[in-house]
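Data block below; observations after.
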Amino acid sequence: MSTRIKILSVCGSGVVTSHMIANKITDMFADEGYDVEADECNPSELDGYLSREKFDFIAYSSPIGDAHGVPAFSAMGLITGMGEDEFMEETLKALHEAGK
Amino acid sequence: MLLRKDLIRVNADYDSREEALRSFAEEYVKAGVVKDTYPQAILNREKVYPTGLPAVAFDIAIPHCDSKYVNEAAIGVCTLAHPIEFNQMGGGEPIHPVMLFMLAIKDPDAQISTLRKIMGVIQNKDLLEKIRQAKTEDEVYNLLAPELDK
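Protein sequences, first through last, are from chains A and B.
Just so you know, we're using the working numbering here: the first sequence kicks off at 1 and counts up by one.
Just so you know, we're using the working numbering here: the second sequence kicks off at 1001 and counts up by one.
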């Protein structure tokens, strides 16, 4: 029985890198027992997305502004392969703290 | 197979990021895979949302722009004769890529498996180093094609 989570993947174009990240997160978290639903956007669309929906965390590859209290993590490590473990640790910690 | 032999350049000698991006993007226009507005879009995007990445073997960049400038999906790679300064995607100090993977993506959902394979290439230190040492376009193609075709 897996836990459903919703994440927002943010990159410059809202197209290529955000898809790579969202897809990678979906796979990595499936291994941890989570069912990931991912949206993608670019930094200027962030506020709009945050105001419409509740996300468990944000994963970004381009710098973002105010995340309005939603846990936000740099996902550069998922693309370069350097720092994937840290990303997993931090995001899992945030999820557990939120009771998920 | 999105990787195209006619979009591979080895040891390209460019003087600046602008020249590198514009010149390499023009090859994509010539190949017919992108619109003639693609090179300018690549340059514009790079200024606002840079694509430099510190990868496992050496710095690289993955320039790309909105799919509306793309006719059909294609991937090319350019190894540089000397490093050129790019800004990092995640912000911070500029880095000096020696290899560019220029992506023309039409439909990220449909092409996600290719995007994942590119991530695999970027994370493969051995492969990156071999590509960098390659002397000809054919060599590069033969190194990359099996990775992107799996």
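Cβ atoms here follow ideal geometry from the backbone N, Cα and C, with glycine treated the same way.
Item, Value
"M1089 of chain B, buried or exposed, once every other Cβ within 10 Å from all chains shown has been counted against 16", "buried"
"Candidates B:L1053, B:V1034 and B:F1086, of which the one nearest C1065 of chain B by Cα", "B:V1034"
"CB contact check: M1099 of chain B to chain A, cutoff 8 Å", "no"
"Cβ neighbour criterion (16 or more within 10 Å) applied to M1102 of chain B", "buried"
"Nearest candidate by alpha-carbon position, reference I1060 of chain B, set B:A1012, B:A1145 and B:F1086", "B:F1086"
"is_contact[P187 of chain A, chain B] using C-beta, thresh 8 Å", "No answer is possible for residue 187 of chain A: it lies beyond the span of chain A, which begins at 1 and ends at 100."
"Bounding residues of the alpha helix (DSSP H) (the contiguous stretch that carries G1076 of chain B)", "Unbroken run through G1076 of chain B is the beta strand (DSSP E), A1074 to L1080; no alpha helix (DSSP H)."
"Neighbour list for L1053 of chain B in chain A, Cβ cutoff strictly below 7 Å", "I79 and T80"
"DSSP three-state assignment for M82 of chain A, whether helix, strand or coil", "coil"
"Residues, ordered as in the chain, of the region 1063–1083 of chain B that lie near chain A by beta-carbon distance below 8 Å", "H1064, C1065, D1066 and S1067"
"Proximity below 8 Å, CB of S61 of chain A to CB of T26 of chain A", "no"
"Test: M88 of chain A CB closer than 8 Å to a CB of chain B", "no"
"Assigned exposure category for P1083 of chain B - 16 Cβ within 10 Å defines buried", "exposed"
"Pair within 8 Å by beta-carbon distance, V15 of chain A and I64 of chain A", "no"
"Exposure label - H96 of chain A; buried when at least 16 CB within 10 Å", "exposed"
"V1056 of chain B: contacting residues in chain A (beta-carbon distance under 9 Å)", "T80, G81 and M82"
"contact_flag[the region 1102–1114 of chain B, the region 1129–1141 of chain B] where n(CB pairs < 8 Å) is 3 or more", "no"
"Contact set between the region 34–50 of chain A and chain B, restricted to residues whose Cβ is under 9 Å from the partner", "E40, N42 and P43"
"S1067 of chain B to N1044 of chain B span [Cα, whole Å]", "14 Å"
"Chain A within 8 Å of R1009 of chain B, Cβ atoms only", "no"
"Integer Cβ distance of L1148 of chain B from K1125 of chain B, believed to fall under 8 Å", "17 Å between Cβ atoms; not a contact."
"Partners in chain B for H19 of chain A, counting only beta-carbon separations shorter than 8 Å", "P1108, D1109, I1112 and L1115"
"Distance between A1041 of chain B and F55 of chain A (C-alpha atoms, nearest Å)", "31 Å"
"Exposed unless 16 or more other CB atoms sit within 10 angstroms - verdict on R1009 of chain B", "buried"
"Proximal chain A residues relative to I1105 of chain B, where beta-carbon distance stays under 8 Å", "V15 and V16"
"8 Å Cβ cutoff, S74 of chain A in contact with chain B", "yes"
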